[in-house]
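Below you'll find the structure, written out as structure tokens, and then a few comments.
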Amino acid sequence: MASTAVATARETTTVIATGRGRDRSPGSLAFLIALWASLFFAVVVLLAIIISTAIDGAARFDGALFGNYLSGLFPETSGFRAGILGSMWLMLGTALLAVPLGIASALYLEEFANRNRWYNRLIELNLQNLAAVPAIVYGLLAVAAMSVLGFQSSGIVLGGSIALALLILPVVIITTREAVRAVPREIRDGSLALGATVWQTTWKQTLPSAIPGIATGTILGLSRAIGEAAPLLLVGVAVGIRFDPNGFLSAFTALPMQIYNQTSRPQEELQTAAAAAIIVLLVMILGMNALAIFIRNKFQRTW
Amino acid sequence: MKRTSIRRAIVPGIAALMLALTACGGGQTSDTGTDTEGVSGSVAVDGSSTVFPLSDAAAELLSGENPDIDVTVGEAGTGGGFEVFCQDQTDISDASRPIEEDEMATCEEAGVEYTELQVATDALTLVVHPDLAVDCLTIEQVIQLWEPKSDITNWSDLDPNFPDQEISLFGPGTDSGTYDYMAADVIGAESETTRDDYEASEDDNVLVQGVAGTEGATGYFGYTYYEENQDSLKALSVDSGNGCVEPSAETAADGTYTPLSRPLFIYVNNAKYTDNEATAAYVDFYIDNLAELAEATQFIPLNDEQYSETQSVLEGIGG
Amino acid sequence: MSLSSNGAAGSSSGAGLQRVSLKGKSRPGETVIKAVLFVAAMISVVTTIAIIITLIRPTIDFLGEASLVTFLTGTEWAPRSGEFGAIPLVKATFLITLISLLVAVPVGLGAAMYLSEYASPRVRKIFKPVLELLAGVPSVVYGFFAITLVTPFLLQDLLNIDVNFTNALAAGLVLGVMIVPTVASLSEDAMSAVPLALRQGSQAMGANKMQTTLRVVFPAALSGIAAAIVLGLSRAVGETMIVTLASGSLPNMSADPRDGMQAMTGYMATTAGGENPVGSLEYNTLFAIGLLLFVITLVINMISISLVRRFRQEY
């Protein structure tokens, strides 16, 4: 007769090997169904949004959407070329600012800072608070920052990048911290015991292990940033642009700003174009997500 | 619907004109004589989102003729537009109201001299649900309906001959220029507010949806939004003492649809006009083609008198 | 391999015992790096200071003409008529955020638990990105979704609730859906990072999957989960477009989610892009409300941090 230990061992091995449990108790089933329903609910809502938008925009999935600029005179061929390119530049700028800064801050707070010093605790409180600040306020900050840096006009890619980088910095820092925190102590201690410095340990051991979490945080951050319009409006980013951006100091426009403009115009063709542009925006986000997922899966480790 | 198709014919007309012009080769001028050949540079325009479609259309038309002039058009709001204009950061400020005293002072401090040009008219249109049997309101009734602390809740309160139907109110939020105009210029209340128990939205399309979908509903917004939705809304005529006047491009332009028409402006930075050839080109082009632009974007164009006024003011810049 | 000793303080050289400190070994480069990282971390502090400065000056102007007491306790908000009581806006923000959390926390945690504990790696690989896509839908789209689909179809037709054209319920529901990815994704990361050993130990003791998930994994990941929820809460409080569009522009004291009500961020959005001259009293209310929002979230975060610290597990 198999003892409890052996039976449980078999059970556990099956669970670990196949990821599937064999509970059949009603409580467990109800729990499982509740969990599954949560996931299902979220997915269903997403599909509802995407499908209803796609239906609205169906008539405008054409080349002109990408090739043309906004047109009030010819609404049937109004295109979002300036917004699409502008948002790409903007995301690049935002990532270049937010990711290194975010990782550096998080590493400092987790690996180097003495948790008991009051100023380090202040920083921690600070970060969580910053995540709640409405995006508009970051627009105001970016204007101030740009004038400090000596720029006449702040409606350029750099200005928008500063606003959005500041916006997503708290998210990047917080998620990186959680990711770094999740790396088991043994890894760090082992490295230090072998004579590595704290920095070497961080750079070669802790950080690579935390990359999946960092990737998640960056995805969340950039996905949010790409859809923001209100702070950019305050920064002075224009909506009517008929040339392609050519650098970080170029005037530009962002896709969500153009979308918002077109949806509030009365002409129905512009509404249709805007719906199509929303789908384009979601596809761009999907692309960014895919890139980050690739990074995440490549570096995934289980303990 | 009939009117829109006539207007739609104008746009291909402009297109044909543009094609003909660009196909002609060097030394292009528009049909009214603005020569933008060889001009390049950038022009920064910002301000009212009401005026935006017009200024943006001018930029679009110009870019077809001369792609070397880079015009950026923003919509930070009339107040936001004046703020950056008076910091010498933009060349042109779009405005749905005249510049105010505090803003004038800021401009003066910064040494920014400007010129005000009226470019179009906006007609505030009162709309109701299409099934409602009300066609005309006197100005007194409009004021009674929308004044602060108004207690009118049923159409028959306004006039016993009106249907016995509860009123649902829709309108722009308190930060909209349209609201401002209704409160200060139409109702003339000292507090510069209207009643506050109505459905507010910043997006006029939402208001259209609301009025069209609610029995007994009424709302107000710019004429363009009514014109695009004529088959789902009914516009009220307004009687300011000379009989019921229907809102239309003609009645707004010739002044009979009053007091619900308000002027729309652009403010031009004088120094930038004289120093930046791109700015001069854009403004000249804008004013020269004003009539076609207004028609194409369904704005109410200036009448002849207003147009010649604007033209002569323009000539005075940089003099 | 060399042992390092930490300074000369009190080391007993004679007895041959030396205190070994793992942190003692450093090179000059190390200090530089630490300084660089410190500067990076200070950026967040600089940002906060900048925010406070940006918000405080116009607020002081504002308070010069309106009383602070009225601002904090008054129940009527109509700046154009001289009414500066902010309670209606604060109340609306709280109500809408509460509704959104009621949606986001169960759904988010549920989805996270499923993905982390029950789903096969393949399912996880598909659904985690799908969830993250939800985070990318621009808030403008969510706002329109609330007005054009949630209010007419879901609430009025399907569930037959007598809601207003703009209402707090639709805003809260849609806002909740928007922050589900934040809660779910971060909670899922936190739960996945719980070492297998803990799960195995639990199951070796005879617990089934549900018990393991609820009693072992969940508490072990609590720090990360709490961070996820607080982040979601912060996001909900600061969200602008959804509440502006779905909940309307009319401040009032109603506690009924079926009514429309203007939230703090909604007011900020409409004032910022509006026709008010910059520098006017009405325009300054934008900054006053912004500062109030900042202070409120500061208090919430202080409370939540101290709670989390008490319950965090280290393993």
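Which chain is which? The protein sequence lines are X, G and F, in order.
Numbering of the first sequence is given in our numbering, commencing with residue 1 and proceeding in unit increments.
Numbering of the second sequence is given in our numbering, commencing with residue 1001 and proceeding in unit increments.
Numbering of the third sequence is given in our numbering, commencing with residue 2001 and proceeding in unit increments.
Note that CB positions come from ideal geometry on N, CA and C, so glycine has one too.
Beta-carbon proximity list for residue i, same chain, < 8 Å, skipping 5 on both sides
i	result
Asp1164/G	Asn1154, Trp1155, Ser1156
Gly287/X	none
Ser1176/G	Glu1202
Ser223/X	Ile285, Met288, Asn289
Tyr1257/G	Ala1123, Val1238, Val1245, Glu1246, Pro1247, Ser1248, Thr1251
Gly2010/F	Because the pLDDT of Gly2010/F is 39, which lies under 50, any placement of that residue in the model is unreliable, and the number read from its coordinates should be weighed accordingly. Nothing meets the Cβ criterion.
Closer than 8 Å at the beta carbon, the chain X residues around residue i
i	result
Asp2189/F	Thr175, Glu178, Ala179, Ala182, Pro212, Gly213, Thr216
Same chain, Cβ closer than 6 Å to residue i, neighbours up to 5 away in sequence not counted
i	result
Gly190/X	none
Lys1272/G	Asp1091, Thr1279
Ala163/X	Tyr138, Gly139, Ala142, Pro231, Val235
Ser2202/F	Thr2212, Val2216
Gly1026/G	Below a pLDDT of 50, predicted positions are generally treated as unreliable, and Gly1026/G, at 38, falls in that range; no measurement from the model is reported.
Residue i versus the options, residue with shortest Cα-Cα distance
i	options	result
Ser2067/F	Thr2285/F, Ile2296/F, Phe2294/F, Leu2293/F	Thr2285/F
Phe1265/G	Ala1105/G, Ser1055/G, Glu1065/G	Ser1055/G
Asp1159/G	Asp1288/G, Thr1138/G, Glu1277/G	Thr1138/G
Val2308/F	Leu2292/F, Pro2277/F, Thr2240/F, Ile2229/F	Ile2229/F
Ser2247/F	Ala2197/F, Val2163/F, Val2217/F	Val2163/F
Val2243/F	Leu2298/F, Met2205/F, Ala2171/F	Ala2171/F
Phe31/X	Pro2106/F, Arg2122/F, Ala2050/F	Pro2106/F
Ser28/X	Asn2208/F, Glu2282/F, Ala2168/F	Asn2208/F
Val1043/G	Gln1141/G, Asn1276/G, Glu1305/G	Asn1276/G
Ser1240/G	Ala1294/G, Phe1221/G, Ser1261/G, Asp1094/G	Ser1261/G
Chain F residues whose Cβ lies nearer than 7 Å to that of residue i
i	result
Gly1210/G	Phe2165
Ser223/X	Glu2132, Ala2135, Gly2136
Ser1191/G	Arg2080, Ser2081
Val1206/G	Ile2147
Endpoints, beta strand (DSSP E) assigned at residue i
i	result
Tyr1267/G	1261 to 1269
Asp1239/G	1237 to 1239
Ala1110/G	Careful: Ala1110/G lies outside any beta strand (DSSP E), inside the alpha helix (DSSP H) at 1101 to 1110.
Ile33/X	Not the beta strand (DSSP E): Ile33/X falls in the alpha helix (DSSP H), residues 26 to 57.
Ala1095/G	1092 to 1095
Leu320/X	Residue 320/X lies beyond the residue range present for chain X, which begins at 1 and ends at 303; the question has no answer from this structure.
Asp1157/G	That residue, Asp1157/G, is in no beta strand (DSSP E); its alpha helix (DSSP H) goes 1155 to 1158.
Ile1069/G	1069 to 1073
Phe1221/G	1217 to 1222
Gly1041/G	1041 to 1047
Beta-carbon proximity list for residue i, same chain, < 7 Å, skipping 5 on both sides
i	result
Leu2115/F	Arg2124, Phe2127, Lys2128, Glu2188
Ser1944/F	The displayed coordinates of chain F run from 2001 to 2315. Any statement about residue 1944/F would go beyond what the structure contains.
Leu2089/F	Trp2077, Pro2251, Gln2262, Ala2263, Met2264, Tyr2267, Ile2289
Leu2173/F	Ile2099, Val2103, Val2150
Ile136/X	Ala230, Pro231, Leu234
Thr253/X	Ala82, Gly83, Gly86, Val237, Ala238, Val239, Ile241
Glu2132/F	Pro2181, Ser2185
Thr53/X	Ala275, Ile278, Ile279
Val2299/F	none
Cys1024/G	For Cys1024/G, the pLDDT reaches just 40, beneath the cut-off of 50, and the residue's location in the model is therefore unreliable, although a value from the coordinates is still provided. Correct list: empty, nothing qualifies.
Boundaries (first-last residue) of the alpha helix (DSSP H) holding residue i
i	result
Thr2031/F	2028 to 2065
Ala2320/F	Residue 2320/F is absent from the model: chain F starts at 2001 and stops at 2315.
Ser223/X	207 to 226
Thr77/X	It is not in any alpha helix (DSSP H) - Thr77/X carries neither H nor E in the DSSP assignment.
Glu2132/F	2121 to 2136
Leu192/X	185 to 193
Ser2192/F	2168 to 2192
Phe2144/F	2139 to 2145
Leu1124/G	Premise fails: Leu1124/G lies in the beta strand (DSSP E), 1114 to 1128, not in any alpha helix (DSSP H).
Leu122/X	118 to 130
Per-residue contacts from residue i into chain F (C-beta, under 8 Å)
i	result
Val99/X	Residues of chain F passing the Cβ test: none, with the nearest at roughly 11 Å.
Asn129/X	Thr2048, Ser2234, Phe2294, Thr2297, Leu2298, Asn2301
Leu141/X	Thr2047, Ala2050, Ile2051, Thr2054
Contacts of residue i in chain F (Cβ-Cβ under 9 Å)
i	result
Glu76/X	Going along chain F, no residue has its Cβ under 9 Å from Glu76/X, so there is no contact; the nearest lies around 22 Å.
Amino acids of chain G, ordered along the chain, whose beta-carbon sits closer than 8 Å to that of residue i
i	result
Thr2271/F	Asp1175
Gly2248/F	Glu1199, Ala1200, Ser1201
message = Report the start-end ranges of each beta strand (DSSP E) in the segment 240 to 280 of chain X that is 3 residues or longer and not cut off at the edges.
response = Entirely contained in the segment 240 to 280 of chain X, not one beta strand (DSSP E) run reaches 3 residues.
inquiry  = Give the list of continuous alpha helix (DSSP H) stretches no shorter than 4 residues that lie fully inside the segment 2193 to 2232 of chain F.
reply    = Counting only runs that start and end inside the segment 2193 to 2232 of chain F, the alpha helix (DSSP H) elements of at least 4 residues fall at 2196 to 2204, 2209 to 2212.
task = Only counting runs of 4 or more residues, tell me where the alpha helix (DSSP H) segments fall wholly within the segment 2221 to 2309 of chain F, in order along the chain.
result = Taking only runs of at least 4 residues, the alpha helix (DSSP H) segments lying wholly in the segment 2221 to 2309 of chain F are 2222 to 2238, 2241 to 2247, 2264 to 2272.
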